[in-house]
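Scroll down for the structure; my scribbles are underneath it.
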Amino acid sequence: MAAVVALPAAAAAPSTMAFEVVGDAIPVALTAEPGDPVRGRAVVAGRQVGTCVLCHAGPFPEERVPATIAPDLHGVGDRLSAGQIRLRLVDSRLVNAETVMPAYYSLDGLVRVGAAWRGRTVLTAQQIEDAVAFLSTLKEE
Amino acid sequence: MWRSAWCRALALLLATLPAGAQEKRSGYDDAGPQVRAMQDDDMANPAFLWVRQGEALWERREGMAGRSCADCHGAVEGMRGVAARHPEFDAARGRVVTLEQRVNLCRTDYQGAAALAPESDALLGITALVGLQSRGMPVAVEVEGAAAAAVARGEAFFRLRQGQLNLSCAQCHDGLAGQSLAGSRIPQGHANAYPIYRLEWQGMGSLHRRLRACLVGVRAEPLGRDDGLLADLELFLAARAAGLVVETPGVRP
Numbered sequence: 001m002a003a004v005v006a007l008p009a010a011a012a013a014p015s016t017m018a019f020e021v022v023g024d025a026i027p028v029a030l031t032a033e034p035g036d037p038v039r040g041r042a043v044v045a046g047r048q049v050g051t052c053v054l055c056h057a058g059p060f061p062e063e064r065v066p067a068t069i070a071p072d073l074h075g076v077g078d079r080l081s082a083g084q085i086r087l088r089l090v091d092s093r094l095v096n097a098e099t100v101m102p103a104y105y106s107l108d109g110l111v112r113v114g115a116a117w118r119g120r121t122v123l124t125a126q127q128i129e130d131a132v133a134f135l136s137t138l139k140e141e
Numbered sequence: 142m143w144r145s146a147w148c149r150a151l152a153l154l155l156a157t158l159p160a161g162a163q164e165k166r167s168g169y170d171d172a173g174p175q176v177r178a179m180q181d182d183d184m185a186n187p188a189f190l191w192v193r194q195g196e197a198l199w200e201r202r203e204g205m206a207g208r209s210c211a212d213c214h215g216a217v218e219g220m221r222g223v224a225a226r227h228p229e230f231d232a233a234r235g236r237v238v239t240l241e242q243r244v245n246l247c248r249t250d251y252q253g254a255a256a257l258a259p260e261s262d263a264l265l266g267i268t269a270l271v272g273l274q275s276r277g278m279p280v281a282v283e284v285e286g287a288a289a290a291a292v293a294r295g296e297a298f299f300r301l302r303q304g305q306l307n308l309s310c311a312q313c314h315d316g317l318a319g320q321s322l323a324g325s326r327i328p329q330g331h332a333n334a335y336p337i338y339r340l341e342w343q344g345m346g347s348l349h350r351r352l353r354a355c356l357v358g359v360r361a362e363p364l365g366r367d368d369g370l371l372a373d374l375e376l377f378l379a380a381r382a383a384g385l386v387v388e389t390p391g392v393r394p
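Residue numbers (this note's numbering), protein chains in the order written: chain A, 1 to 141; chain B, 142 to 394.
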């Protein structure tokens with residue numbers, strides 16, 4: 001349980017927890033507590049939480065006009081492994097340096113961050129794991 | 142797989158597209174028919190409530206000097222062209238001055254009156270009134286000579302990825318213009334209609350208020366009203382809008 005207790009502090013600390021990149025994936029979960037897909041849906045679909053639906057369409061009927069900026073998240077659990085999804089959430093610049101997708105678990109290279117958000121990653125390690133668990137359930141019917 | 146490869150190619154292309162690669166479109170062109178109809182008809186455009194306040198202020202004697210705008214400038218129609226060339230580099234002051242700042246410099250220096258408060262009905266009204274005199278004229282700011290360095294600083298800020306979400310103005314307004322961001326269409330981000338009446342605000346707002354919303358949206362530090370960089374950015378935006386006409390006072394969703 002010690003790792004779990006450390007999590008909220010990790011998000012508030014100036015640097016994030018270490019993780020290992022293998023190829024285009026982070027195969028090992030960031031937290032000891034397994035991701036929860038129900039909480040993960042709230043992270044991904046929450047406009048102010050994950051902010052994902054600003055750019056991505058997906059199985060989110062509550063978004064009446066789907067975003068058109070980024071790939072549709074339908075079926076992403078078929079296209080990518082959990083580790084590949086994890087890397088794209090942690091820091092998608094590691095896949096494409098020019099991406100417009102924010103790095104959700106990295107403070108690298110950020111400038112002029114507003115006072116309310118300074119020194120904090122967009123998501124906590126547990127929120128990343130919850131989102132990965134949810135996205136892995138998105139299979140093409 | 143094809144999908145993510147395609148998207149990556151697209152994202153790369155968008156990130157590298159220069160400004161002006163697309164046809165220039167005002168926010169008016171991206172707004173819905175109701176919003177456009179409101180802007181087209183001065184009787185339906187709520188911004189004219191502010192313009193009327195501006196007209197009263199134009200004639201009112203104010204400050205220690207007891208002079209009105211009209212006492213120095215005559216009829217407000219004489220202001221034609223002023224908004225089209227602002228912001229402008231003010232050689233005497235050695236910096237870029239926006240139209241709002243110009244009005245307040247007249248207040249403090251020539252009328253001996255207090256500067257009008259940011260986002261006050263009075264300041265929005267007088268800038269809307271002065272802006273209206275240039276309506277239909279092409280935006281034409283001076284970008285050569287002493288202004289060049291300021292334009293370059295404004296452009297660098299426009300291209301800077303910033304905030305917790307690490308996005309630049311250019312990524313959204315050059316690269317992603319026309320796309321749907323959370324259901325609203327991203328405009329090219331031209332500033333040729335300010336101050337505007339915005340339905341979402343249910344009120345009038347300055348360009349500073351608009352820029353603040355974009356910066357807070359990416360969780361960045363907003364620019365202070367007196368920050369020279371704000372004026373530089375506003376000058377760059379005007380230079381970037383060259384070819385579009387002044388729409389003041391605009392209506393936006």
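Glycine included, every Cβ here is placed at the ideal spot set by N, Cα and C. Keep in mind the model is a prediction, meaning the values are calculated, not measured.
- Separation of the CB atoms of Gln-252/B and Glu-203/B is rounded to 5 Å, and the pair is thereby assigned contact status at 8 Å.
- In this structure Gln-329/B is in contact with His-314/B, their Cβ atoms being roughly 5 Å apart against a cut-off of 8 Å.
- Under the 8 Å criterion on CB atoms, Val-357/B is classed as interfacial with respect to chain A.
- Inter-residue distance for Gly-219/B and Trp-191/B is about 19 Å (C-alpha atoms, whole angstroms).
- Within the stretch 43–62 of chain A, the residues whose Cβ lies closer than 8 Å to some Cβ of chain B are Arg-47, Thr-51, Val-53, Leu-54, Cys-55, listed in chain order.
- Burial state of Ser-347/B is buried, judged by a 10 Å Cβ sphere holding 16 or more other Cβ atoms.
- Taking Arg-226/B as the centre and dropping the five residues before and after it, the same chain places the C-beta of Ala-281, Val-282, Glu-283 closer than 8 Å to its C-beta, in chain order.
- Look at Glu-229/B here: in three-state DSSP terms it is strand.
- For Ile-69/A, the closest of Ala-354/B, Ala-382/B, Ala-323/B by C-alpha to C-alpha distance is Ala-323/B.
- In chain order, Gln-252, Gly-253, Ala-254 place their CB closer than 8 Å to the CB of Met-205/B, counting only its own chain and leaving out the 5 sequence neighbours on each side.
- Around the Cβ of Pro-34/A, a 10 Å sphere holds fewer than 16 other Cβ atoms; the residue is exposed.
- Excluding residues up to 5 positions away in sequence, Lys-165, Pro-279, Val-280 lie with their Cβ nearer than 8 Å to the Cβ of Gly-384/B in the same chain.
- Secondary structure of Arg-120/A (DSSP, three-state): coil.
- Between the alpha carbons of Gly-286/B and Ala-232/B lies a gap of roughly 11 Å.
- In this chain, the beta strand (DSSP E) harbouring Met-345/B covers 344–346.
- Sequence-ordered contacts of the stretch 160–182 of chain B with chain A are nonexistent [C-beta pairs closer than 7 Å].
- Following the DSSP letters along the chain, one finds Ile-337/B in no alpha helix (DSSP H) but inside the beta strand (DSSP E) bounded by residues 337–339.
- Counting only the Cα atoms, Asp-24/A lies some 28 Å from Trp-117/A.
- Residue nearest to Gln-274/B within the set Glu-375/B, Ala-290/B, Tyr-335/B, Ala-311/B is Tyr-335/B (criterion: CA-CA distance).
- For Val-192/B, the uninterrupted alpha helix (DSSP H) segment begins and ends at 188–200.
- Fewer than three beta-carbon pairs drawn from the stretch 342–361 of chain B and the stretch 192–202 of chain B are found closer than 8 Å, and the two stretches are therefore not classed as touching.
- Of all alpha-carbon atoms in Gln-305/B, Gln-175/B, Leu-317/B, the one lying nearest the alpha-carbon of Tyr-105/A is that of Gln-305/B.
- Taking Asp-91/A as the centre and dropping the five residues before and after it, the same chain places the C-beta of Ala-103, Ser-106 closer than 6 Å to its C-beta, in chain order.
- Nearest CB-CB separation between Ser-321/B and chain A: below the 8 Å threshold.
- Gly-77/A and Leu-123/A do not touch by the CB rule: their CB atoms are close to 19 Å apart, not below 8 Å.
- Secondary structure at Glu-241/B: helix, using DSSP grouped into helix, strand and coil.
- With fewer than 16 other CB atoms across the displayed protein chains lying within 10 angstroms of its CB, Ala-197/B is exposed.
- Straight across, the Cα-Cα distance linking Val-111/A with Asn-307/B is about 8 Å.
- For the pair Arg-294/B and Pro-61/A, the Cα-to-Cα distance works out to about 43 Å.
- Under the 8 Å criterion on CB atoms, Arg-41/A is classed as non-interfacial with respect to chain B.
- Considering only beta carbons, the part of the stretch 339–363 of chain B lying closer than 7 Å to chain A consists of Val-357, Arg-360, Ala-361, Glu-362, in chain order.
- Assigned with DSSP and collapsed to three states, Ala-255/B falls in coil, not helix or strand.
- Residue range 37–45 is occupied by the alpha helix (DSSP H) that includes Val-38/A, with no beta strand (DSSP E) assigned at that position.
- Contacts between Gly-77/A and chain B, judged by CB atoms closer than 9 Å, are missing: the closest CB pair is about 13 Å apart.
- If you check each beta-carbon in the stretch 365–385 of chain B against every beta-carbon of chain A, none falls closer than 8 Å.
- Counting along the chain, Arg-393/B sits inside the beta strand (DSSP E) bounded by residues 391–393.
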